[in-house]
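To keep things clear, I will list the structure first and then write my remarks on it.
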Amino acid sequence: MELLHELSFRNDKSISCSLNRSGMIKILISGELAAEGRDHRLLIHFNGERKSYRSFVHMGGDAGLNEWGDETGIYTGRNGWGVDATFMVDYTFTINPDYQKVTGSGMSAFALGDNRFLGYESHGVFVTSRPVSMIEVGFTGGKVRIGDLRVYHI
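Residue 82 in the working numbering sits at position 58 of the sequence shown; the count goes up by one each step and never skips.
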């Protein structure tokens, strides 16, 4: 694996970086979410787009269910019960300029501040006719007090 980018959250809702490679791309994300009393989904976006996504998660742990994401990003998991959380995500994508779809799957874990735990298996697709040049990860609200994003080419 070749490390392409290493970035840090510092009281940010999201962070982004350029992506000028195709093939298998792995991202690792970790941090501490300040939930501000609400549930927030962690989403992945490409090229700044907020449409043309399909994704779903299987959730287990202290609660179990299946959830579809909306079209605004690839849904990887969320905190629960409005509680702050320590989180991590491991997600792999296939990006190829000859394909019109970016597909991916991964896993995430959310250790909540009240000692409950939620784990996710996630799958998603982004439909595009343009080459992927940027990746962004972030929550639908709250802030990541401290955290990291690493992007690898496999």
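For each residue, glycine too, the CB sits at the ideal point set by N, CA and C.
Where are the beta strand (DSSP E) runs, 3 residues long or more, that stay fully inside the segment 76–128, in chain order?
77–85, 89–92, 98–102, 109–119
Does DSSP classify G47 as helix, strand or coil?
Sequence index remark: in the sequence shown, residue 47 carries index 23 (1-based). Three-state result, G47: strand.
Backbone secondary structure at R34 - three-state DSSP:
Here residue 34 refers to the residue found at position 10 of the sequence shown. Residue state, collapsed to three classes: strand.
Out of D122, D114, G55, which has the shortest C-alpha to C-alpha gap to K37?
In the sequence shown, the residue the question calls residue 37 occupies position 13. Closest by alpha carbon: G55.
Can you check DSSP and say which residues form a bridge with V19?
Because residue 19 is not part of the residues shown, which for the chain are 25 to 178, the question remains open.
With a 10 Å radius around its C-beta and 16 neighbouring C-beta atoms as the bar for buried, classify L27 as buried or exposed.
Position 3 of the sequence shown, counted from the start, is the residue given in the question as residue 27. The residue is exposed, with fewer than 16 neighbouring Cβ atoms inside 10 Å.
Out of R74, Y77, R102, D122, which one is the CA nearest neighbour of A87?
The residue you call residue 87 lines up with position 63 of the sequence shown. The residue with the shortest Cα to Cα distance from A87 is R102.
Mind the definition here: the segment 73–87 touches the segment 34–53 only if three or more C-beta pairs lie below 8 Å; say whether that holds.
no
Segment contact, 8 Å Cβ cut-off, at least three pairs: the segment 44–54 with the segment 71–78
no
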